[in-house]
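All remarks here apply to the structure that follows.
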Amino acid sequence: MSREHPSAFAPLSLARAEEWWRETLSHGHPRAAFFVARDDQGIVGTVQFHPAWAPNQPHRAEVAKLIVHRRGRRKGIGRALMDALEARARSGGFTLLTLDAKRGEVAERLYRKMGWNYVGVIPGYALNVDGSGPSDTVIFYKDLQRAAEPLAGQQRKPCGPGLNRTSATTPHKTDRDDAF
Ligand SMILES: CC(C)(COP(=O)(O)OP(=O)(O)OC[C@H]1O[C@@H](n2cnc3c(N)ncnc32)[C@H](O)[C@@H]1OP(=O)(O)O)[C@@H](O)C(=O)NCCC(=O)NCCS
């Protein structure tokens with residue numbers, strides 16, 4: 102079965118975005134989890150993880166779609182979402198997380214700062230949202246057993262005053278109004 106990649110959606114319309122989120126949420130693995138952060142205007146950020154497709158690899162999952170709305174950036178929301186995701190993955194029995202990020206983007210700095218391990222670069226891995234590219238992608242992993250506790254003395258930036266909730270859900274419990 103072929104699935105159209107979201108990067109092929111340029112320009113991404115609200116209808117296509119909603120369709121993608123509904124399909125992703127409704128077809129998600131039972132152990133997948135979706136997180137949203139809210140401020141006084143509504144959802145301001147999101148991230149998700151999906152277990153490896155292979156049934157003999159139940160220890161690992163892939164992180165995807167860390168997105169913080171422009172109004173909420175640089176307030177610690179991205180970090181809070183990743184903290185919540187890692188805690189949930191750990192409590193859900195996962196010991197290894199992987200993710201990829203566009204080379205040179207701010208997300209790469211975030212992952213490095215949060216202790217993710219740099220693996221390397223895949224040239225030309227990802228098409229951009231506007232259809233341009235492909236762009237180089239950086240691969241990271243985190244061993245959740247080794248990273249159980251934050252480094253001693255590491256400063257944690259508090260979430261901005263607007264962030265009032267970070268919540269997680271499985272696909273089956275998701276309120277679809279929360280999907281964006
Ligand atoms: C990447 C993204 C999720 C970061 O969210 P955020 O809530 O602004 O991030 P935080 O405020 O939690 O920042 C955490 C750390 O990331 C790094 N960082 C985040 N934004 C940065 C920026 N604009 N410039 C430099 N470093 C940045 C910093 O190290 C920061 O720590 P610090 O504030 O203590 O210096 C957000 O910029 C975004 O949604 N970008 C577009 C979508 C995207 O690229 N997603 C990643 C897909 S892999």
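Just add 101 to wherever you are in the sequence shown, counting from 1, and you've got my numbering.
The C-beta atom is built at its ideal place from N, Cα and C for all residues, glycine as well.
Since the model is a prediction, treat every value here as computed from it, not as a measurement.
Excluding five sequence neighbours on each side, which residues of the same chain lie with their C-beta closer than 6 Å to the C-beta of residue i?
i             : result
glutamine 239 : The sequence shown places valine at residue 239, not glutamine. Closer than 6 Å at Cβ, skipping near neighbours: Ala202, Arg204, Glu209, Val222.
If we count the other Cβ atoms within 10 Å of its Cβ and call it buried at 16 or more, is residue i buried or exposed?
i              : result
glycine 146    : buried
aspartate 141  : exposed
glycine 94     : For residue 94 there is no data in the structure shown, the boundaries of the chain being 102 and 281.
leucine 115    : exposed
valine 207     : exposed
tryptophan 217 : buried
tryptophan 122 : buried
alanine 155    : exposed
Take residue i and list the residues in its own chain whose beta-carbon comes closer than 7 Å to its own, dropping the five residues that flank it on each side.
i            : result
arginine 130 : Sequence inspection shows histidine at residue 130; the arginine mentioned does not correspond to that position. So the qualifying residues of the chain are His151, Pro152.
arginine 132 : Pro152, Gly193
Measure the alpha-carbon distance for residue i versus residue j and round it to whole angstroms.
i              : j              : result
alanine 248    : tyrosine 219   : 14 Å
aspartate 231  : methionine 215 : 29 Å
proline 224    : serine 236     : 7 Å
glycine 173    : arginine 139   : 10 Å
leucine 113    : glutamine 246  : 38 Å
asparagine 229 : lysine 166     : 13 Å
histidine 128  : glutamate 120  : 12 Å
aspartate 184  : alanine 227    : 25 Å
Looking at residue j and residue i, is the spacing between their C-beta atoms short of 8 Å?
i            : j                 : result
valine 169   : isoleucine 178    : yes
leucine 211  : arginine 180      : yes
leucine 182  : phenylalanine 136 : yes
arginine 161 : threonine 125     : no
For residue i, I'd like the list of residues in its chain whose CB is within less than 8 Å of its CB, leaving aside the five on either flank, ordered along the chain.
i             : result
aspartate 244 : Thr196, Leu197, Asn218
**Q.** Entirely enclosed beta strand (DSSP E) segments - the stretch 184-211, minimum 3 residues
**A.** 197-203
Q | Completely contained beta strand (DSSP E) runs for the stretch 119-156, where each covers 3 or more residues | A | Counting whole runs of 3 or more residues, the stretch 119-156 contains the beta strand (DSSP E) stretches 134-140, 143-152.
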